[in-house]
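S.K.: By the numbering used here, the letter at position 159 of the sequence shown is numbered 159, and the numbering carries on one by one without gaps.
All residues carry an ideal CB built from backbone N, CA and C; glycine is no exception.
Can you read through this structure? Questions will come right after.
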Amino acid sequence: MTDARSHVLPLGRLPAPDDRHLRRWSLTESTLPVKPTPVVLGINWYQAFDAPVLVGGSHWIGRGTSWGQLRGGHAVCLLPPSLVDTFDWWRFYDQGREGACVGYAATRMMTLLNRQRYDAPWLYHEARKVDDWAGENYSGTSVRAGMDVLRDQGHRAPLRPVSAAHGIAANRWATSVEDIAACLNPADPSRVLNAGYVRLLNSWGAWYPHLTRVPLEALHRLVFAEDGEATVVTDR
Numbered sequence: 001m002t003d004a005r006s007h008v009l010p011l012g013r014l015p016a017p018d019d020r021h022l023r024r025w026s027l028t029e030s031t032l033p034v035k036p037t038p039v040v041l042g043i044n045w046y047q048a049f050d051a052p053v054l055v056g057g058s059h060w061i062g063r064g065t066s067w068g069q070l071r072g073g074h075a076v077c078l079l080p081p082s083l084v085d086t087f088d089w090w091r092f093y094d095q096g097r098e099g100a101c102v103g104y105a106a107t108r109m110m111t112l113l114n115r116q117r118y119d120a121p122w123l124y125h126e127a128r129k130v131d132d133w134a135g136e137n138y139s140g141t142s143v144r145a146g147m148d149v150l151r152d153q154g155h156r157a158p159l160r161p162v163s164a165a166h167g168i169a170a171n172r173w174a175t176s177v178e179d180i181a182a183c184l185n186p187a188d189p190s191r192v193l194n195a196g197y198v199r200l201l202n203s204w205g206a207w208y209p210h211l212t213r214v215p216l217e218a219l220h221r222l223v224f225a226e227d228g229e230a231t232v233v234t235d236r
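Take a look at the structure:
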């Protein structure tokens with residue numbers, strides 16, 4: 001991996017203009033998943049995150065507190081410890097130059113759950129039709145809108161019809177790092193908490209490391225101390 005493309009690394013997550021989804025549909029003990037489930041994050045993305053640091057054989061972002069300039073909002077997917085994301089998916093899910101990270105992060109989640117490829121650009125453009133901003137004179141969309149499309153319409157494989165069966169029944173919003181750990185590893189959330197990090201999947205293809213670790217302290221800051229959000233779904 002080189003940084004030859006660093007000047008065009010796209011983002012695209014827009015914070016929803018209100019927090020009604022966080023207040024009305026928070027994750028509770030009774031709605032926690034019973035099987036390992038990926039988590040989609042909408043977070044601030046800092047300049048230092050463009051170039052993960054290799055430490056002990058693993059790539060990291062968010063170590064320390066000096067993250068550089070805020071570049072904008074980004075959506076990413078967290079990988080449960082027991083699930084495998086293939087090298088093929090790593091290369092396939094590349095948002096190119098478009099601010100389509102919400103479509104890609106949510107689609108990566110559905111791929112991990114259902115073990116097949118989906119049409120991430122379709123999800124992104126459908127989310128833009130139902131989000132909170134009028135017209136087309138902007139780039140990006142909200143995680144909330146992406147979840148609304150998966151719930152109300154479903155998803156589709158590339159060049160295939162949309163199917164409700166490939167969507168979600170519901171989604172909830174985490175309120176703590178402990179919630180996120182319980183989604184990633186329901187049988188033993190302490191495995192994630194004791195490890196001290198989560199694994200992030202980006203949507204820049206092979207231009208970015210396949211698996212990137214994020215310390216739990218950084219996860220807390222990005223999701224719960226800043227303008228972030230984390231959602232987990234109930235698959236159909």
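1. Can you tell me which of Ala174, His155, Arg172 puts its alpha carbon nearest to the alpha carbon of Ala165?
2. Short of 8 Å in beta carbon distance, which residues of its chain neighbour Val34, apart from the five on each side in sequence? Order them along the chain.
3. What are the residues that DSSP puts in a beta bridge with Trp173?
4. Note down the Cα distance separating Tyr124 from Ala105, rounded to an integer number of angstroms.
5. Go ahead and label Leu222 buried or exposed: buried means 16 or more other beta carbons lie within 10 angstroms of its beta carbon, across all protein chains shown.
6. Leaving out the 5 sequence neighbours to the left and right, which residues in its chain are closer than 6 Å to Leu22 when beta-carbon positions are compared?
7. Please classify Thr111: is it buried, with 16 or more other beta-carbons within 10 angstroms of its beta-carbon, or exposed?
8. Could you tell me the alpha carbon to alpha carbon distance between Glu136 and Gly57, rounded to whole angstroms?
9. Mind listing, in chain order, the continuous alpha helix (DSSP H) runs of no fewer than 4 residues lying wholly within the segment 70 to 124?
M.R.: In short, the structure shows the following:
1. Its Cα nearest to that of Ala165, the residue His155 stands out among Ala174, His155, Arg172.
2. Once the five neighbours on either side are set aside, the close Cβ partners of Val34 are Pro186.
3. According to DSSP, Trp173 bridges with Ser26, Thr231.
4. So the alpha carbons of these two residues sit roughly 10 Å apart.
5. The residue in question, Leu222, is buried, as its Cβ has 16 or more Cβ neighbours within 10 Å.
6. So the qualifying residues of the chain are Trp173.
7. Counting Cβ neighbours within 10 Å, Thr111 comes out buried, since at least 16 surround it.
8. Taking the straight line joining both Cα atoms gives about 43 Å.
9. The segment 70 to 124 contains these whole alpha helix (DSSP H) runs: 87 to 92, 101 to 114.
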